[in-house]
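Participant: Sequence lines, in order, name chains A and B.
Take 1 as the starting number for the first sequence in the working numbering and just add one per residue.
Take 1001 as the starting number for the second sequence in the working numbering and just add one per residue.
Heads up, the beta-carbon is just placed ideally off N, CA and C, and yes, glycines get one too.
Quantities reported herein were computed from a predicted structural model and do not represent experimental measurements.
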Amino acid sequence: MALRAAVLRHIRLPVQTLPAAGSRPQSQLSFLRLFSSHDDHLTKEEVIDRVLDVVKSFPKVDPSQVTPDVHFQNDLGLDSLDNVEIVMALEEEFKLEIPDKEADKIDSCNLAIEYIYNHPLAG
Amino acid sequence: MIGATTAAYLARRAAQQERVRILYRRALKDTLNWAVHRHLFYQDASDLREKFEANKHVEDLDTIDKMIAAGEATYNKWRHPDPYIVPWAPGGSKFTRNPVPPSGIEIVYDYGKEDND
């Protein structure tokens, strides 16, 4: 036992420095298994990508005009009822339940992305 | 037109538009509750949209009010008895299931170690 401790004390492994340049917190987080349902918040880029995908796949929308700060009624030429439909599609995409008053105010991609990003339970 | 663009007229119009939007939103969710399969839902949703679009050009405020009231009555009549609610929302199955524990409470991890060990 003492011999083992003495041997272990004298063995040194070469220290390997992890690549410091361009450390990717994203990929490190993706290897972590988070067992609580309240820890895995979405990143902003993920939210933006998914919101833009939902808006682009709306049949009345021209996909080439969709940017992260586009206004649904002013820029994309949609109706207020189309706005309601888009908000419902976003609710389905992110498994959210947006109250009626809040959903009425979501008028542009900006607001949608902000709301979803700040929502603690956005799936 | 009497008071075509007065503030009261515009305010009333804006309130009506908001009521219409909220009614459309609830009716659409209800349609999704009733018609679970997507192809049926799309047909029913476009029928609902047609009904809203047909009355789009009405100008008279009282007629609009009556139509909104009629629409809300129809919505109340057709409400689904068991709507799909997102689990963590009020009315869902996970609502207040795991509330956040009050702050200031900590678990001391001593694994049963006693003082005379």
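By how many angstroms is the C-alpha of V1036(B) removed from the C-alpha of D1030(B)?
Facilitator: If you draw a straight line from the Cα of D1030(B) to the Cα of V1036(B), it is about 10 Å long.
Participant: Who are the near neighbours of V55(A) in its chain, counting only those whose CB is closer than 7 Å to its CB and skipping five residues on each side?
Facilitator: V61, V66, I86, C109
Participant: Does the Cβ-Cβ distance between L1048(B) and V84(A) come in under 8 Å?
Facilitator: no
Participant: In terms of residues, what are the limits of the alpha helix (DSSP H) holding E1050(B)?
Facilitator: 1038 to 1054
Participant: Are there 16 or more other CB atoms within 10 angstroms of the CB of Y115(A), so buried, or fewer, so exposed?
Facilitator: When all chains shown are included, Y115(A) counts as buried.
Participant: What residues in its chain sit with their C-beta under 7 Å from that of E1072(B), if we drop five residues either side in the sequence?
Facilitator: L1023
Participant: For chain A, find out if any of its Cβ atoms is closer than 8 Å to the Cβ of Y1024(B); answer yes or no.
Facilitator: Yes, because at least one Cβ of chain A sits closer than 8 Å to the Cβ of Y1024(B).
Participant: Answer with yes or no whether the minimum CB distance from V1036(B) to chain A is below 8 Å.
Facilitator: no
Participant: Whether or not the stretch 96 to 112 of chain A and the stretch 1043 to 1063 of chain B are in contact is what I'm after, with contact meaning three or more pairs of Cβ atoms, one per stretch, closer than 8 Å; do they touch?
Facilitator: At 8 Å Cβ cutoff, the stretches do not touch.
Participant: DSSP beta-bridge partners for S1103(B)?
Facilitator: Paired residues: none, contrary to the question.
Participant: DSSP beta-bridge partners for S57(A)?
Facilitator: Note: S57(A) sits in no beta bridge, so no partner.
Participant: For the stretch 50 to 83 of chain A, which residues have a beta carbon sitting closer than 8 Å to at least one beta carbon of chain B?
Facilitator: So the list reads S80, L81, N83, given in the order they occur along the chain.
Participant: Compile a chain-ordered list of the residues in the stretch 93 to 110 of chain A whose CB is closer than 7 Å to at least one CB of chain B.
Facilitator: K95, L96, E97, D100, A103, D104
Participant: Quick check on the DSSP output: the alpha helix (DSSP H) that includes N1076(B) runs from which residue to which?
Facilitator: Taken as a continuous stretch (DSSP letters only), the alpha helix (DSSP H) holding N1076(B) covers 1061 to 1077.
Participant: Is the Cβ of A1089(B) closer than 8 Å to any Cβ of chain A?
Facilitator: yes
Participant: Can you tell me which of the three DSSP states S1093(B) falls into?
Facilitator: Residue state, collapsed to three classes: coil.
Participant: Helix, strand or coil for H119(A) per DSSP?
Facilitator: coil
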